[in-house]
Amino acid sequence: MQGRLAHRPVCWNLQAKNLKCYSLGDYSKHAGKGAPGRCFVAHQKECAQETSGDESSGGCRGNTVCRKFRYQIYQLIPQPSRGYYAYPKDKLYHDKERSYCIDPQSAADNALNFVSGEIVTSSITTDVRLVD
């Protein structure tokens, strides 16, 4: 079996997208160079839930979950004749649906602060009910 859930004594195939090698004693800590470990998807990287809706099925490192988000990003349309890009009508909106390995207790992770691009913060939704 290749990829994120490989059960080999030393992580192999780290060329696979977003994988890192984690300690056998603590799946939230990186394994030392050449040390035995297990491959998991790194924190704040894209993941894929093997079972839809099951945040533990995305192959994420310890203390993180694979959470699916829906959100919008916007792209500013250049307006060279005006010399700036600020008018709201000059924005193109794109819907996104992505899953990321996040710390479920982190407000910053749940707000997708690590995602590049101009996210419309009010558009972020997930199937998980966040509690205070």
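Position 36 (the sequence shown) corresponds to 321 in this note's numbering; numbering is contiguous. In this text, a Cβ means the ideal position worked out from N, Cα and C, and glycines have one as well. Just so it is clear, the structure is predicted and the values come from calculations on it, not from any experiment.
> Can you pull the DSSP bridge partners for Q360?
Replying inline: Bridge partners of Q360: L377.
> What number of angstroms, rounded off, separates the C-alpha of K305 from the C-alpha of F354?
Replying inline: C-alpha separation (whole angstroms): 22 Å.
>> With a threshold of 8 Å, are at least 3 pairs of Cβ atoms found where one atom belongs to the segment 397-404 and the other to the segment 335-344?
In response: Judged by pairs of C-beta atoms under 8 Å, the segment 397-404 does not touch the segment 335-344, as fewer than three such pairs exist.
>> At the level of alpha carbons, what is the spacing between L309 and Y378?
In response: For L309 and Y378, the gap between their C-alpha atoms comes out near 43 Å.
> CA-CA distance, D412 and K314?
Replying inline: Straight-line Cα distance between these residues: approximately 28 Å.
> Straight-line CA distance for R352 to K302?
Replying inline: K302 has its alpha-carbon roughly 17 Å from the corresponding atom of R352.
> What's the C-alpha gap between P389 and T410?
Replying inline: Taking the straight line from one Cα to the other gives about 14 Å.
>> Assuming S308 is part of the beta strand (DSSP E), what are its boundary residues?
In response: Segment 304-308, the beta strand (DSSP E) holding S308.
> Cα separation between A333 and R383?
Replying inline: Computed Cα separation, rounded: 8 Å.
> Going by the CB atoms, is the gap between Y307 and G322 shorter than 8 Å?
Replying inline: A contact, by the Cβ cut-off of 8 Å.
>> Tell me which residue opens and which closes the alpha helix (DSSP H) that A320 is part of.
In response: Unbroken run through A320: none, as it is neither H nor E.
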